[in-house]
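Number of protein chains: 2
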Amino acid sequence: MDEMIFDQLNELLNAGKFGTLKSELSEMNEVDIAEFFGSLEPKQQLLVFRILPKDISAEVFAYLEPDDQVNIVNSITDRELSELVDELFLDDTVDFLEEVPANVVTRVLKIADKETRQLINRFLRYPENSAGSIMTIEMVQLHDNITVAQAIESIRKTGIDKETIYTCYCIDKARHFVGTIGLSELIFNDDSTLLSDIMEEDASLISVKTLDDQEYVADIVRKYDLLSVPVTDNEDRLVGIITIDDVVDVIEEEVTEDFEKMAAMTPSDDEYLKTGVFKLAKNRILWLLILMISGTFTGMIIEGYEMLLSGFVALTASMPMLMGTGGNAGSQASTLIIRGLAVGEIEIKDYFKIVLKELRVAAICGFALALANIVRMYFFSEGTLLVYLVVSLAMFIAIVVAKLIGCSLPILAKLVKIDPALMAGPMIATLVDIVTLVIYFALAKAFLI
Amino acid sequence: MDEMIFDQLNELLNAGKFGTLKSELSEMNEVDIAEFFGSLEPKQQLLVFRILPKDISAEVFAYLEPDDQVNIVNSITDRELSELVDELFLDDTVDFLEEVPANVVTRVLKIADKETRQLINRFLRYPENSAGSIMTIEMVQLHDNITVAQAIESIRKTGIDKETIYTCYCIDKARHFVGTIGLSELIFNDDSTLLSDIMEEDASLISVKTLDDQEYVADIVRKYDLLSVPVTDNEDRLVGIITIDDVVDVIEEEVTEDFEKMAAMTPSDDEYLKTGVFKLAKNRILWLLILMISGTFTGMIIEGYEMLLSGFVALTASMPMLMGTGGNAGSQASTLIIRGLAVGEIEIKDYFKIVLKELRVAAICGFALALANIVRMYFFSEGTLLVYLVVSLAMFIAIVVAKLIGCSLPILAKLVKIDPALMAGPMIATLVDIVTLVIYFALAKAFLI
Chain A
556 MDEMIFDQLN ELLNAGKFGT LKSELSEMNE VDIAEFFGSL EPKQQLLVFR
606 ILPKDISAEV FAYLEPDDQV NIVNSITDRE LSELVDELFL DDTVDFLEEV
656 PANVVTRVLK IADKETRQLI NRFLRYPENS AGSIMTIEMV QLHDNITVAQ
706 AIESIRKTGI DKETIYTCYC IDKARHFVGT IGLSELIFND DSTLLSDIME
756 EDASLISVKT LDDQEYVADI VRKYDLLSVP VTDNEDRLVG IITIDDVVDV
806 IEEEVTEDFE KMAAMTPSDD EYLKTGVFKL AKNRILWLLI LMISGTFTGM
856 IIEGYEMLLS GFVALTASMP MLMGTGGNAG SQASTLIIRG LAVGEIEIKD
906 YFKIVLKELR VAAICGFALA LANIVRMYFF SEGTLLVYLV VSLAMFIAIV
956 VAKLIGCSLP ILAKLVKIDP ALMAGPMIAT LVDIVTLVIY FALAKAFLI
Chain B
556 MDEMIFDQLN ELLNAGKFGT LKSELSEMNE VDIAEFFGSL EPKQQLLVFR
606 ILPKDISAEV FAYLEPDDQV NIVNSITDRE LSELVDELFL DDTVDFLEEV
656 PANVVTRVLK IADKETRQLI NRFLRYPENS AGSIMTIEMV QLHDNITVAQ
706 AIESIRKTGI DKETIYTCYC IDKARHFVGT IGLSELIFND DSTLLSDIME
756 EDASLISVKT LDDQEYVADI VRKYDLLSVP VTDNEDRLVG IITIDDVVDV
806 IEEEVTEDFE KMAAMTPSDD EYLKTGVFKL AKNRILWLLI LMISGTFTGM
856 IIEGYEMLLS GFVALTASMP MLMGTGGNAG SQASTLIIRG LAVGEIEIKD
906 YFKIVLKELR VAAICGFALA LANIVRMYFF SEGTLLVYLV VSLAMFIAIV
956 VAKLIGCSLP ILAKLVKIDP ALMAGPMIAT LVDIVTLVIY FALAKAFLI
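Below, the structure written as structure tokens:
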């Protein structure tokens, strides 16, 4: 959003021109209004919140940061809060309640009517990251034995949110989910047509269960290019839908998690700038410790070759380069495989194809780098040609082994149902370090002594 | 899709029961039919393609892999091809033409009618990854001076694809984009209402330009939770729309690119399993070489401290662990910052807040790891307590410096308009290696000699 517009709004606010401010805000997109809110002091936020028409203020509320939401809820009367909860979509209410302190949850539940309270409680009980926890119940449900005219009448009456109206979900008498029908189908068909005659059904029906993982839901929506997917309970009864905008958020979250795991951190849902220093440190220390302690192995290997190393300084001097190259080569392979597994382009059964591919890629990369290394050492390093050859040969083997480890571990992880993203750069590099040193010293011992 | 269903379909195909096969397939989702296609031999693909009703076969075609698309186009008659192009949405035709050999493109352009040919040529000229290249022209355009009744009549007549009907785009006499209106608004309003009275307009209108980058488009769609976003030319005339399912693909692509860059590879749009060995090697060699050659610096530093190292074997033995820990600590910080920048949670102006945060996180992590290291070395390493202290102190400083470099480089890259994703693990680790060794040896020299 334009900074200039914010400045104008601020001027109106400070000058007390609330009428003009209200009409300016009412013309803006709710997301932009929420952004403007974020730049205000708590007292001003409350003022602007009260200026806005109720339907807009509820939409804006849904886009606010949790801190600002709590601030507003703590400042408004029970009556205002009750109106807010009425206007909010249930899934937005639940999203909000999941992020705020217990006393705020209690207050909201107290003022909500009985039906809403029961619904909220049911939603809050769905496991985190399950389909149930991200679904909404604001959808169009139609019985499959009514006509198009009855359907359109029913939609007009319930007057449901524009975002979720475009696919209508058909249920039978027992509330089982039996078909879908687009709003446009309704419009284009004769008034007397029965829904059961025009709805999509059987093999082309796609749905998920309340307890399915949100990542699975995202895969389904992505695969079938859906705008929304219906959610059913264990008895195949329709209980909600998940819309694509929420799926986009899930994709973002899952990707962020993968990035964090791949950089050896405990994944976290919190925004970086809003996470405390201790929490950040806690997320990072465990893996740093594990990887540091595994450094004991490289240390022991090096101590075992003390005599060899003191005889050829170029051997010691090449260690970081050698391990760095091995680590990089391995994490290139593992990254491609992890990402391929995540988006479904690679499956476990492709393993042998992958190994063959990586071996050939490794041979090409290894050969090119070994050659470049001989030239590099000739100009910049002490030692004899034989030493350069040993270092280059070790590098070639290290690259081959690294690519092999890099492409194998993520698939192995998948096989034993660990997240492949854990088998990324840092983990691969640590393993490759150990293997590289063993190969390196064995070669050096064989050729140089 | 269930393997069992594929087996059943295969049986029908092999038994020549085409009638049953056709009706089974017609009930399936197009995405699943396309998956079934992928498992068939080329000759069978052609057979099944011809069995399907024209509208379904076109939809299935859009979901096929480029290789299979080329196979089919090369096997069908000009007349069949012309029917296929008629049925396909223009953006699917363009997607397909972007991936296939030139002779196929020439043939398709030859059989297409003049108008389609001009449209295709215009689309193929939009730069790769621009909004123009991913937009579709199949949308509902309405003049803002007509009534609701006229609008619904016009929509019924054009009978446009169900996925893009839900938001209608209003234009004025000069075809300038002036407002949007949901299909549900049309249904819920009186027949005589003018569109200009009920459309969303002014400050709440969101659109992108044909030459905008697709990443920007994705950011806009994500930020405003849109199902589609209108695309205008430089004169603000409406020329197309981009739907959210294509945006999801863009998000995927951009994330994959980030992953590849962060693992020191040249990003590529091709699927791993379909990329040739030489192409894969080419994408990886450049960065491996650059990072390997920068190993010259670590080598020179180590050669400079030959005497010191040969006196204390524990110093040499701790090098890999020290550099590994530094690299890991740095890439943790850089990953969080790169991801934060990518999703818009972090901006350049947050830099000082970030540095302060990282310094404090580094102090906590560094202290914990240094302590753990003393214990570890006491049990597993040769050398004196003083050596352990030097190693631990070096580690503490290395972690602080690594976090500082890790959080600074991505922001610096953003500032000078380089992709922050390049400042990830491998690059950070290489830099941190050099700095760590310099600090390490300086400390060792000061305390041990």
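If you're matching them up, the sequences are chains A and B in order.
To convert a position in the first sequence, counted from 1, into my numbering, add 555.
To convert a position in the second sequence, counted from 1, into my numbering, add 555.
Glycine included, C-beta positions come from ideal geometry on N, C-alpha and C.
Listed along chain B, no residue sits closer than 7 angstroms to A:I983 by beta-carbon distance, the nearest being about 10 angstroms off. The beta carbon of A:G687 sits closer than 8 angstroms to those of F678, Y681, T765, L766, V786, V794 and G795, all from its chain and outside the five residues before and after it, given in chain order. The residues L896, I903 and P975, in chain order, have a CB closer than 8 angstroms to that of B:K969 in the same chain once the five nearest residues on each side in sequence are set aside. In the structure shown, A:P981 falls within a helical segment according to DSSP collapsed to helix, strand and coil. The three-state reading of DSSP puts B:G850 in helix, counting H, G and I together.
In terms of Cα proximity to B:A706, the closest of B:T691, B:K816 and B:T722 is B:T722. Secondary structure of A:Y827 (DSSP, three-state): helix. For a Cβ distance threshold of 7 angstroms, residue set E858 of chain B lies close to A:E937, ordered along the chain. Within 10 angstroms of the beta-carbon of A:M847 lie 16 or more other beta-carbons, which makes it buried. With contacts defined by Cβ atoms closer than 8 angstroms, B:I845 and B:L992 do not form a contacting pair.
In terms of Cβ geometry, B:V649 and B:L636 do not form a close pair [threshold 8 angstroms]. By the Cβ neighbour-count rule, A:V703 is buried, with 16 or more other Cβ atoms within 10 Å of its own. Excluding five sequence positions before and after B:F573, the CB atoms of its chain that fall closer than 6 angstroms to its own CB belong to I606, given in chain order. At a cut-off of 8 angstroms between C-beta atoms, A:E770 does not count as an interface residue with respect to chain B.
Take the alpha-carbon of B:E590 and the one of B:V803: they are about 20 angstroms apart. Taking 8 angstroms as the threshold, the shortest C-beta distance from A:P875 to chain B falls below it. For A:V733, the enclosing beta strand (DSSP E) begins and ends at F732 to G737. Within chain A, the residues whose beta carbon sits less than 8 angstroms from that of B:F833 are I919, listed in sequence order.
Taking the Cβ atoms as the reference, B:P981 lies roughly 45 angstroms from A:N565, outside the contact range of under 8 angstroms.
Between B:L877 and B:V946 a beta carbon distance of about 7 angstroms is seen, short of the 8 angstroms cut, so the two are scored as contacting. Taking the Cα positions, A:D768 is about 22 angstroms away from A:I892.
Not a single C-beta of chain B is nearer than 8 angstroms to the C-beta of A:R730.
By the criterion of at least three beta-carbon pairs nearer than 8 angstroms, the stretch 850-866 of chain A is in contact with the stretch 924-944 of chain B.
For B:C920, the closest C-alpha among the options A:L926, A:E582, A:D610 and A:F833 is that of A:F833. Taking 7 angstroms as the Cβ-Cβ cut-off, the stretch 950-962 of chain B has no residue approaching chain A. With 16 or more neighbouring CB atoms inside 10 Å of its own CB, A:F867 falls in the buried class.
Beta-bridge annotation (DSSP): A:G795 is paired with A:V786. Within chain B, V832 have C-beta atoms less than 7 angstroms from the C-beta of A:R915, given in sequence order. Every beta strand (DSSP E) of 3 residues or more that sits fully in the stretch 674-705 of chain A is shown, in chain order, as 695-698.
DSSP places B:I966 inside the alpha helix (DSSP H), whose first and last residues are L940 to L970.
Between B:R662 and B:V586, the alpha-carbon positions lie close to 26 angstroms from each other.
Counting along the chain, A:T722 sits inside the beta strand (DSSP E) bounded by residues T722 to I726. Around the beta-carbon of B:A657, fewer than 16 other beta-carbon atoms lie within 10 Å, marking it exposed. Counted as a single uninterrupted DSSP element, the stretch harbouring A:V898 is not any alpha helix (DSSP H), since DSSP gives it neither H nor E. Of all C-beta pairs linking the stretch 797-817 of chain B to the stretch 775-782 of chain B, three or more are shorter than 8 angstroms, placing the two stretches in contact.
Taking A:A818 as the centre and dropping the five residues before and after it, the same chain places the C-beta of A979, G980 and P981 closer than 8 angstroms to its C-beta, in chain order.
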